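Add 373 to a position in the sequence shown, counting from 1, and you land on the number used in the working numbering.
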Amino acid sequence: ERSSRLTFPELRNFRLGRVPNYRRVFGHPASVFFQNGIANTKTLEMSSLSAEYSRDDAGFVCSLYEVPNNIMIKDGNNIIPSKAYLEREEEFDIVTVPYIEEEED
């Protein structure tokens, strides 16, 4: 949630979800992790995460939250939460995918 609030300080309803038919792919930590103090260089807690389609994959757990409509922008067929988000995730192709809300215990 901490990382999400750096880009979306006004986010609401932070919760867990699942993205089916995609698998997580870990890569190099993005420079924004160091610029914004997200990476912990003492404990080496840092990683960048992306996802790729995998038809028969169970999916992965993700974070879900809402942001106000007034910061949303249209990018082709996708709705992107903000310019700040695009700048933060500049290395990735941002696409809209289905998700499932996780049941609360």
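C-beta: ideal position from N, C-alpha, C; glycine also.
In this text the structure is predicted, and so the values were computed from the model without any measurement.
When DSSP states are grouped into helix, strand and coil, residue 437 belongs to the strand group. Under a 10 Å Cβ-count criterion, residue 395 is classified as buried, with 16 or more other Cβ atoms of the shown protein chains found around its own Cβ. Judged by DSSP secondary structure, residue 396 falls outside any alpha helix (DSSP H) and instead within the beta strand (DSSP E) spanning 395 to 400. Scanning 475, 429, 459, 476 for the CA closest to the CA of residue 468 turns up 459.
Take the alpha-carbon of residue 414 and the one of residue 426: they are about 31 Å apart. Assigned with DSSP and collapsed to three states, residue 457 falls in helix.
If you draw a straight line from the Cα of residue 454 to the Cα of residue 380, it comes to about 10 Å.
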